[in-house]
Each structure stands twice: as C-alpha cells, then as structure tokens.
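Peer 1:
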Amino acid sequence: MVDVSKHFGGIFALNKVSFALRRGSITSLIGPNGAGKTTLINVVTGIYTADEGGIHFQGKDVFGLSAHLVASKGIGRTFQLEELFGSLTVIENAMAGCHVNSQSRMISCGFSLPSARKEEKRIRNEAMENLVLVGLEKRALDPISKLPLGERKLVGIARALSMKPTLLMLDEPVGGLAAHEIKKLVDLIHTLLSKGLTILIVEHNMPFVMSLSEKVIVLDEGSKIAEGPPEEVRRDDEVIKAYLGEEVSDESHSGP
Amino acid sequence: MKPIRKILHGWCFIVIAIGILPFVVPGLYMHYITGVMCFIAMYGALALGMGVLLEQAGLFSLAHPSWFGIGAYITGILAMRGIPSIAAIIIAAISVAFLAYIIGAPLLRLKGYYLACATFALLLIVDITIPQLGSLTGGHDGLLGIPPLSIAGFVLKGDFHFYYLTWGLCLGTLWFLSNLMRSRFGRAIKSFNDSEVASKSVGVNVSGYKLQVFILTAVMASFVGSFFCFYIRYANPLMFGFPLMVELVTMMIVGGGKTLYGPLLGSFVILWVREIIHIYLGKVLPVMNAQIDATFFGVIIVVILIFMPGGLAGWLDQLIQAGRKVRERFARA
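Going line by line, the protein sequences match chains A and B. All residue numbers for the first sequence refer to numbering that gives the first Met the number 0, where the first residue is 0 and numbers rise by one. All residue numbers for the second sequence refer to numbering that gives the first Met the number 0, where the first residue is 0 and numbers rise by one.
1. I need the straight-line Cα distance from SER111/A to ARG123/A, nearest angstrom please.
2. Alpha carbon to alpha carbon, how far is VAL42/A from GLY63/A? Give it in angstroms, no decimals.
3. Under DSSP, the alpha helix (DSSP H) around SER94/B begins and ends at which residues?
4. In the DSSP assignment, find the beta strand (DSSP E) that holds SER222/A and state where it starts and stops.
5. Please list, in chain order, the chain A residues whose beta carbon lies closer than 8 angstroms to that of PHE367/B.
6. Determine the extent of the alpha helix (DSSP H) in which SER101/A is found, giving its start and end residues.
7. Tell me which residues share the same chain as GLY254/A and place their Cβ nearer than 6 angstroms to its Cβ, disregarding the 5 neighbours each side in the sequence.
8. May I ask you to report which of helix, strand or coil DSSP gives GLU237/A?
9. Along chain B, in chain order, which residues have C-beta atoms closer than 9 angstroms to that of VAL133/A?
10. Count Cβ pairs between the stretch 218-234 of chain B and the stretch 62-70 of chain B that sit closer than 8 angstroms; are there 3 or more?
11. Pull up the distance between the alpha-carbon of GLY73/A and that of ALA56/B, whole angstroms please.
12. Of all Cβ atoms in chain A, is any one closer than 8 angstroms to the Cβ of LYS1/B?
13. Please list the terminal residues of the continuous beta strand (DSSP E) segment that includes LYS214/A.
14. Please determine, among GLY45/A, GLY33/A, LEU28/A and LEU68/A, the residue with the shortest C-alpha to C-alpha distance to ASN204/B.
15. How many Å lie between SER248/A and ALA70/A at the Cα?
16. Starting from THR48/A, find everything on chain B with Cβ-Cβ shorter than 7 angstroms and list it in chain order.
17. With contact counted as at least three CB pairs below 8 angstroms, one residue from each stretch, are the stretch 116-132 of chain A and the stretch 75-84 of chain A in contact?
18. Would you list the one or two residues that DSSP bridges to PRO142/A?
19. Within the same chain, show all residues whose beta-carbon is closer than 6 angstroms to that of GLY336/B, passing over the 5 residues directly before and after it, in chain order.
20. If we define contact as Cβ-Cβ less than 8 angstroms, is LEU64/A a contact residue for chain B?
21. GLU82/A touches chain B at which residues, Cβ-Cβ below 7 angstroms?
22. What residues match up with THR26/A in a beta bridge as DSSP calls it?
23. So, using beta-carbon positions, are LEU263/B and LEU311/B closer together than 8 angstroms?
24. Just curious, the beta strand (DSSP E) that ASP170/A is in, first and last residue?
25. So which residues of chain B does PHE78/A contact, with C-beta pairs closer than 9 angstroms?
26. Between HIS98/A and chain B, is the shortest Cβ-Cβ distance under 8 angstroms, so that the two count as touching?
27. For GLU51/A, does the three-state DSSP call read helix, strand or coil?
28. Which of the three DSSP states is assigned to ALA159/A in this structure?
29. Anything in chain B within Cβ reach of THR38/A, meaning under 7 angstroms, just list it in chain order.
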C-alpha cells in the first residue's frame with residue numbers, strides 16, 4: 000500500500016499512508032479515535048475509493064476496484080459493529096461468506112438443479128467447518144439476535160473465513176469482550192496464523208495488540224507516525240505522546 | 000430429517016386440497032368458487048413476487064402492477080394478431096425483462112422512499128400511456144376479444160381449466176421462490192437488505208443482484224399478466240395501475256410479507272373477504288362500489304397492523320411455536 004490518501008471534505012482521514020504486510024504475519028493498526036484506522040480498512044476493501052495512491056495485493060493492483068471484486072481477490076474482513084445478516088441464522092451467515100467461492104445462478108438455484116444442490120451441500124460443510132473452528136457449531140441454527148456480543152464477533156470471523164481469504168482484517172475484534180473470550184480469540188488467531196493467513200488487526204486493547212503482533216503501525220490524524228515491532232513502538236516518543244500517554248489511565252480497567 | 004418430512008407433508012396437503020377442490024364443492028357453486036380461486040391464484044402469484052422484492056430484498060418498488068399490465072397487453076395484442084399463445088407469452092416475458100433491465104439499471108441506484116417515489120411515477124406513466132396508444136391498445140376500452148389460450152391445438156378456457164393453470168403457476172412460483180430464497184442467490188438478496196456494506200465485503204455484487212431480482216419479479220408478473228388476459232379474454236387499463244398496487248400492498252400486509260407464503264395467504268383472505276362483503280353488504284347498502292371496498296381494506300389494514308404486526312403468516316408462525324412449546328411441556332410431564 001503506497002501513499003494512500005482519503006479526505007472527506009477538507010479533512011484528511013488518511014494522509015499518504017504507506018505500509019506493507021508480510022505474508023503469514025500479524026500486523027496491528029493502532030491509534031486514537033478518529034485516527035483513520037477503520038477508514039484505512041474501508042479503503043483497502045473498496046468500500047471507499049481513495050483519492051490517490053496505490054494498493055497492491057499479491058502482485059495485483061486492487062486500487063479503485065469495487066468492494067465485491069476486492070473480496071473475490073481474497074481479502075476478508077470483520078466489522079467494528081459486526082454488521083451481521085440479521086435475517087439469516089448463524090450458519091447461513093457463514094454460508095453467505097462462501098459467496099465468492101461458489102457459482103450457482105438464479106435459474107439453477109430456483110429450480111433446485113442437482114448442480115446447485117451439490118454446491119449448497121459443499122457450502123454448508125465449509126461453513127460448518129468454520130463454525131467448528133471458532134467454536135460456534137452448537138449455535139449453527141440460532142438466529143443472530145439470540146447471540147451475545149462475543150459470539151457475534153466470532154460469527155463475523157467465521158463469515159470472513161468462509162471467503163477463504165489470504166488476508167483477514169479484523170476491525171476491533173476484542174472490543175467489549177470479557178477476559179476469557181479474549182483468551183479464546185487469541186488462540187483462534189494463532190490457529191489461523193498456522194494456516195498461513197495474513198492478519199491485520201485494528202484494536203484499542205494494548206496488551207492484546209502488544210502480545211500478538213509481529214509489527215505495529217500507529218496512525219494519528221490520518222498519518223502514519225510509527226511502524227515497527229511492538230517493543231520498539233512502545234518506546235517511540237511520538238507514539239507515547241499521541242496515543243499511549245493519554246490512554247494509560249484507561250488501560251488499567253480495559254485490559255484483561 | 001424429520002422436519003423436512005413434515006414440511007413435505009404440509010406441502011402435499013395443500014396441493015391435494017387445491018387439486019380436489021373443484022370436485023368437492025357443490026355443482027351449483029363450482030363456477031363461482033373456482034372463478035374466485037383463479038383470481039386468488041393470480042393475485043397471489045403477483046403478491047408473492049412483490050413480497051420477495053419489497054420484504055426480502057428491501058427494494059421498495061411500487062411498479063409491480065405495471066409489469067403485470069405490460070405483460071397482459073403485449074400478450075393480448077400478439078394473440079389478437081394470430082401469434083400462437085405460447086409464443087405471445089414468451090415474447091411478452093422477454094419484452095418485460097428488457098424493459099425492466101433498461102428501467103431498473105438507473106432506478107435501482109435509488110434507495111428506500113426515493114425508489115418508491117420513482118417507481119410510483121413509473122406506475123403512473125404506464126397507467127396513462129397505455130390508453131393513449133390508440134388502436135394498438137384499444138384506448139380506454141382496452142383490448143376486446145382476445146382469443147382463448149391454446150397449447151398445441153388444445154384450447155384452454157373456462158374456470159375449470161384455468162383453475163388448474165393458474166394454481167399451477169402460483170404454486171410453481173412459490174416453489175421457485177422458496178428454493179431461491181434458501182439458496183446462494185437468496186442469501187445474497189437478504190444480505191444486502193440487512194447490511195449492504197457487509198454484503199459487498201463478502202463479495203456480493205449488490206447492484207447486479209438488485210437488478211436480477213427486479214427483472215425476475217417483473218418477468219413473473221408478466222407471466223401472471225399473460226394468463227390473466229387469456230382468462231378474462233380482455234385487457235383494460237383499469238385492471239392494473241394504482242388500485243392494483245394498493246390491493247397488492249394490502250395482501251402483503253395482511254398475509255405478512257416477512258414470510259414467503261404470506262402474500263399468497265393475504266390474497267386468499269382479501270379476495271374472499273371482499274366476496275363476502277359484496278354478498279352480504281350488497282343486500283344492506285344501496286350502492287356497492289370501489290370506495291366501499293377501499294374503506295373496508297383500510298379498516299382491515301389498521302386492525303391487522305395493530306393486532307398482528309407480522310400479518311396472518313407471522314401470527315400463524317407464533318401459534319405453531321406456542322403449540323410446540325405446549326406439546327413439549329406435556330411430553331416432559
């Protein structure tokens with residue numbers, strides 16, 4: 000990702016931000032509220048189109064592509080506010096994630112042709128595997144509204160995993176979770192990493208970020224102010240001033 | 000496996016009930032009842048498509064009756080010029096698909112009430128234009144003397160034939176749509192209704208799917224229009240347009256648009272209630288006209304919205320669930 004900028008009106012949400020993600024690593028994106036973290040994810044996934052810059056993914060240019068095309072290139076994401084499909088059940092949400100790796104069209108679906116039924120079966124199995132992975136197999140047939148927050152976040156991850164992504168972006172995955180849920184999530188992320196996924200995490204929870212990440216990128220007011228291994232970033236003066244300094248008092252009760 | 004068998008049983012029961020109805024009603028009422036049932040099937044099929052479009056896909060298009068009317072008119076005009084019935088039906092469907100594509104592509108960029116306004120304008124435009132086309136559409140008199148439906152030399156006319164034709168079409172539509180909504184296509188449609196941004200992020204081409212479901216329901220409406228004009232053997236500007244739109248929305252609300260079969264249930268209830276009102280109130284009131292109909296529908300909508308916000312289908316689902324709970328409690332005791 001090179002020199003990406005995005006502004007809304009006169010405000011720069013992202014100002015010439017550049018970074019690279021190493022395949023199979025965990026990178027975290029941190030910064031105070033309004034630093035442009037979520038905007039950055041939205042720009043990468045094509046929800047917003049950046050004003051300038053370039054985005055390359057696995058050697059291909061994905062800058063300016065529509066969101067559904069970016070998704071088909073293997074970039075999956077979750078949302079800060081879950082954005083689950085409330086009219087579908089848990090497993091159907093995961094199955095909706097299989098959209099990119101299935102083909103059945105309207106006619107074959109409507110007449111329930113053998114090809115569509117076969118694909119449906121495959122999708123259901125794949126979705127179930129991902130629910131098992133996140134530990135929600137017992138909730139498969141429940142509607143989304145019955146699930147507590149922690150489980151909803153996991154449904155979001157299962158849905159993104161069903162896309163068989165090579166890059167997974169998690170937008171505040173531990174926000175509002177209890178300590179034991181966070182521990183489970185850390186285990187899950189390690190499992191995903193062992194499967195070769197590249198993971199980008201946007202998060203406020205410092206202990207979570209620092210223990211997990213190989214690299215940390217710090218954004219402030221749309222600009223990148225630091226990038227490096229967690230220990231290095233933790234010692235960076237500018238970072239402390241912009242972010243950690245004012246958040247220390249919060250940390251005592253937000254951390255696990 | 001058990002629930003699937005149960006659903007199958009329910010389906011079979013309804014299909015058999017519809018299949019034997021003309022044979023079990025007293026001969027005296029046969030024509031009357033099958034006649035009303037034909038209209039229920041056709042309006043039901045229309046309402047089913049509209050239900051999917053409005054409630055499942057969240058596309059608030061009010062132009063549904065236009066596709067029905069255009070389909071009916073094209074079929075009628077072609078049939079009167081000696082084109083075989085099947086060819087006329089197919090040409091009408093293809094023309095409607097083409098029109099829906101041209102109109103849907105720009106209009107579906109709108110959302111919510113804006114889409115409703117634009118499609119409402121479309122409804123009025125079609126309503127006004129068709130009578131103005133002079134000899135082609137027969138002006139305000141409409142098309143008179145449409146030949147009967149003939150398939151491979153076999154002429155189909157009258158209530159009895161059309162009873163099976165229209166219910167075949169209606170249940171076929173229900174079957175197709177229920178398959179569709181439980182598939183990849185259906186999940187894509189429901190997903191952008193729930194969260195467009197998440198839908199895009201899992202790779203759903205949202206604008207493409209909106210256009211597809213818009214065209215699909217338009218073509219379904221065109222098929223109903225074709226059968227409609229072959230059944231009543233004329234086409235008239237009054238039979239679609241604003242009043243039909245109101246009627247379809249009423250059916251959706253009364254039946255419950257959140258479930259797939261709700262609009263069909265609504266069609267059944269609304270048309271029979273109207274018949275009953277006509278029979279009994281016709282004796283009491285000096286005049287019986289569309290305004291009195293509309294008043295009754297207004298009252299029904301208000302009552303349903305207050306006491307059964309999910310419509311009859313939602314209410315039935317609640318009853319079934321409550322029944323299941325009671326049974327479980329007995330089983331445990």
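Note that beta-carbon positions come from the ideal geometry of N, C-alpha and C, so glycine has one too.
Peer 2: The structure says:
1. Sequence index remark: in the first sequence, residue 111/A carries index 112 (1-based). Sequence index remark: in the first sequence, residue 123/A carries index 124 (1-based). For SER111/A and ARG123/A, the distance between alpha carbons rounds to 15 angstroms.
2. Looking up residue 63/A in the first sequence gives position 64. Looking up residue 42/A in the first sequence gives position 43. One C-alpha to the other measures close to 9 angstroms.
3. Within the second sequence, numbered from 1, the residue matching residue 94/B stands at position 95. It spans 84-106 - the alpha helix (DSSP H) in which SER94/B sits, taken as one unbroken run.
4. Sequence index remark: in the first sequence, residue 222/A carries index 223 (1-based). 222-227 is the extent of the beta strand (DSSP E) around SER222/A.
5. Nothing about residue 367/B can be reported from this structure: the residues present for chain B run from 0 to 332 only.
6. Along the first sequence, one-based indexing puts residue 101/A at 102. Note, SER101/A: premise wrong, no alpha helix (DSSP H); not H, not E.
7. On the first sequence, position 255 is the one that residue 254/A refers to. Confidence is the limiting factor: at GLY254/A the pLDDT is only 41, short of 50, which leaves the residue's position unreliable and the question unanswerable from this model.
8. One-based indexing of the first sequence puts residue 237/A at position 238. DSSP places GLU237/A in helix when its eight states are reduced to three.
9. The residue given as residue 133/A occupies position 134 in the first sequence. Correct list: empty, because the minimum Cβ distance to chain B is about 16 angstroms.
10. Verdict: yes, contact present.
11. Locating residue 73/A in the first sequence gives position 74, counting from the first residue. Locating residue 56/B in the second sequence gives position 57, counting from the first residue. If you take the alpha carbons of GLY73/A and ALA56/B, they lie about 26 angstroms apart.
12. The residue labelled residue 1/B in the question sits at position 2 within the second sequence. Because LYS1/B sits at a pLDDT of 46, beneath the cut-off of 50, its placement in the model cannot be relied upon, and the following sentence gives the value as read from the coordinates. With 8 angstroms as the cut-off, LYS1/B does not count as an interface residue toward chain A.
13. Along the first sequence, read from residue 1 onward, the residue named residue 214/A stands at position 215. Element bounds for LYS214/A: 214-219.
14. In the second sequence, the residue the question calls residue 204/B occupies position 205. The shortest C-alpha separation from ASN204/B is found at LEU68/A.
15. Taking the first residue of the first sequence as 1, we reach residue 248/A at position 249. Taking the first residue of the first sequence as 1, we reach residue 70/A at position 71. Unreliable placement is indicated for SER248/A, whose pLDDT of 47 sits below 50; the coordinate value is still reported in the next sentence. Between SER248/A and ALA70/A, the C-alpha separation is close to 39 angstroms.
16. What you label residue 48/A is simply residue 49 of the first sequence in a count that begins at 1. Within 7 angstroms Cβ-Cβ: nothing; THR48/A doesn't reach chain B, min ~13 angstroms.
17. no
18. Reading the first sequence from its first residue, position 143 is the one you call residue 142/A. In DSSP, PRO142/A forms a bridge with THR88/A.
19. Nothing in the structure corresponds to residue 336/B, since chain B is present only between 0 and 332.
20. As a first step, residue 64/A must be located in the first sequence, where it is residue number 65. Answer no: the Cβ-Cβ gap between LEU64/A and chain B never drops below 8 angstroms.
21. Translated into the one-based positions of the first sequence, residue 82/A becomes position 83. Ordered by position in chain B, the residues that pass the 7 angstroms Cβ test against GLU82/A are SER194, VAL196 and ALA197.
22. On the first sequence, position 27 is the one that residue 26/A refers to. LEU199/A and LYS214/A, per the DSSP bridge assignment.
23. In the second sequence, counting from the first residue as 1, residue 263/B sits at position 264. In the second sequence, counting from the first residue as 1, residue 311/B sits at position 312. Their beta carbons are not under 8 angstroms apart, which means LEU263/B does not touch LEU311/B by this criterion.
24. Along the first sequence, read from residue 1 onward, the residue named residue 170/A stands at position 171. Start and end: 166-170.
25. Here residue 78/A refers to the residue found at position 79 when the first sequence is read from its first residue. The answer, in chain order, is SER194, VAL196, ALA197 and SER200.
26. Taking the first sequence and counting its residues from 1, one reaches residue 98/A at position 99. At least one chain B Cβ lies under 8 angstroms of HIS98/A.
27. Looking up residue 51/A in the first sequence gives position 52. GLU51/A falls in the strand class under three-state DSSP.
28. As a working note, residue 159/A is residue 160 in the first sequence. Residue state, collapsed to three classes: helix.
29. As a position in the first sequence, residue 38/A is number 39, starting the count at 1. Within 7 angstroms Cβ-Cβ: nothing; THR38/A doesn't reach chain B, min ~13 angstroms.
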